[in-house]
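Residue numbers (the working numbering): 1374 to 1560.
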């Protein structure tokens, strides 16, 4: 079983399959338990005032979303890129949100995706140039896969653009609220 615990403001990932000294039942009864994955459980845990969702279906299938936007990590398997989210990534991202705040995490994630998209576009351009000179089935498959990843990144970036822009306007609402509180407060 894998579980995420919150101890002293730090998210900690534990895996009872790796550390045999840990007791599944004690972890599930722990008040520090945020979420866990075992053969009997599946579902979603909502964190950070409803903005962050951690979903788990099995010990290897973990998903993270912020404001309804799936947070994905670009990985590589036998030279082909893919999006994935490991248990360790989810724990690391939760700690970043805990330390930096959700809005800062989203801004950093957006910047990272933008830079990765530029790098992948350069690789696609290079592959297109090579394929125009000489056909290669392996390179053609890689190019198709990279284009698919770029399209998925564009969708995520669009959602982040809308979400981050809305988040930046929140200070207007906070300022307006503070003005009303100051005006109508009983001193």
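Every residue, glycine too, gets a C-beta built ideally from N, C-alpha and C.
| Item | Value |
| --- | --- |
| Same chain, Cβ closer than 8 Å to residue 1494, neighbours up to 5 away in sequence not counted | 1523 |
| Length of the line joining the Cα atoms of residue 1448 and residue 1519 | 12 Å |
| Whether residue 1375 touches residue 1382 by CB criterion (8 Å) | no |
| 7 Å Cβ shell around residue 1468 - same chain, five flanking residues per side excluded | 1383, 1384 |
| Residue 1405, DSSP secondary structure in three states | coil |
| Separation of residue 1459 from residue 1479, as counted between CA atoms | 18 Å |
| In DSSP terms, what residue 1520 is bridged to | DSSP output for residue 1520 lists no bridge partner at all. |
| Distance between residue 1427 and residue 1497 (C-alpha atoms, nearest Å) | 33 Å |
| Three-state class that DSSP yields for residue 1417 in the structure shown | strand |
| Rounded separation between residue 1444 and residue 1407 - CA only | 18 Å |
| Cβ shell of residue 1419 (< 6 Å), same chain only, five flanking positions each side left out | 1426 |
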